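Engineer: If you're matching positions, the sequence shown starts at 1 in our numbering and goes up one per residue. From the three backbone atoms N, C-alpha and C, an ideal C-beta is built for every residue, glycine too. Just so we're clear, the structure is a prediction, and the values are computed from it rather than from any experiment.
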Amino acid sequence: MNYSDPSIIQSAPFLSLEAVRKTYPGVVALDGFSMEVRPGEVIGLVGENGAGKSTLMKILGGVTRPDSGSVTVDGVAHDGLTVEASIGSGIAFVHQELNLFENLDVAANIFFG
Numbered sequence: 001m002n003y004s005d006p007s008i009i010q011s012a013p014f015l016s017l018e019a020v021r022k023t024y025p026g027v028v029a030l031d032g033f034s035m036e037v038r039p040g041e042v043i044g045l046v047g048e049n050g051a052g053k054s055t056l057m058k059i060l061g062g063v064t065r066p067d068s069g070s071v072t073v074d075g076v077a078h079d080g081l082t083v084e085a086s087i088g089s090g091i092a093f094v095h096q097e098l099n100l101f102e103n104l105d106v107a108a109n110i111f112f113g
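(1) When the Cβ atoms of the region 14 to 32 are set against those of the region 67 to 74, are three or more pairs found closer than 8 Å?
(2) Just how far apart, CA to CA, sit Gly-90 and Gly-61?
(3) Tell me the residue span of the alpha helix (DSSP H) that contains Val-106.
(4) Between Val-27 and Gly-47, what straight-line distance do the alpha-carbon atoms span, to the nearest angstrom?
(5) Can you tell me the Cα-Cα spacing of Val-83 and Gly-52, whole angstroms?
(6) At which residues does the alpha helix (DSSP H) containing Ala-116 begin and terminate?
(7) State the start and end residues of the unbroken beta strand (DSSP E) segment that holds Leu-17.
(8) For Ile-43, which residues of its own chain have a beta-carbon under 8 Å away from its beta-carbon, when the five flanking residues on both sides are left out?
(9) Rounded to whole angstroms, what is the Cα-Cα separation between Phe-101 and Phe-111?
(10) Run through DSSP, which three-state label would Thr-64 get?
The structure is reproduced here in structure tokens:
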């Protein structure tokens with residue numbers, strides 16, 4: 001990785017996941033996933049279908065809880081984020097569903113995810 005702002009490297013992580021595991025019946029969606037995101041850092045999440053991207057985002061959004069591992073946001077450890085804690089921490093994502101509310105504008109559709 002090449003950072004143009006050295007202060008990003010020196011700052012404490014805003015988001016830290018360590019050894020996060022999530023399984024569904026017959027499927028290991030995440031197996032020991034770890035990462036850190038520092039303030040000001042932009043992360044792209046790319047992978048094949050079934051790689052665990054959506055599961056990771058659901059964990060970060062408080063929609064589902066990991067089976068094991070740790071999630072720390074702004075220095076506070078969480079035993080699985082709640083939706084409220086996720087929103088309060090500034091974590092947000094847009095769902096990949098294509099369902100739109102035709103009577104609402106773009107901003108309102110994004111709000112509803």
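Structural biologist: Taking the coordinates as given:
(1) Because the criterion of three Cβ pairs below 8 Å is met, the region 14 to 32 and the region 67 to 74 touch.
(2) Note on geometry: alpha-carbon atoms of Gly-90 and Gly-61 lie some 10 Å from one another.
(3) Val-106 -> alpha helix (DSSP H) spans 106 to 112.
(4) One alpha carbon belongs to Val-27, the other to Gly-47, and they sit about 17 Å apart.
(5) In this structure, the straight-line span from the alpha carbon of Val-83 to that of Gly-52 is close to 19 Å.
(6) No information on residue 116 is available, as it lies outside the stretch 1 to 113 that the chain covers here.
(7) Where Leu-17 is concerned, the enclosing beta strand (DSSP E) starts and stops at 15 to 24.
(8) A distance below 8 Å between beta-carbons, with the five flanking residues on each side excluded, links Ile-43 to the following residues of its chain, in chain order: Met-35 and Val-37.
(9) The straight-line gap separating the alpha-carbon atoms of Phe-101 and Phe-111 is approximately 11 Å.
(10) If DSSP states are grouped into helix, strand and coil, Thr-64 belongs with coil.
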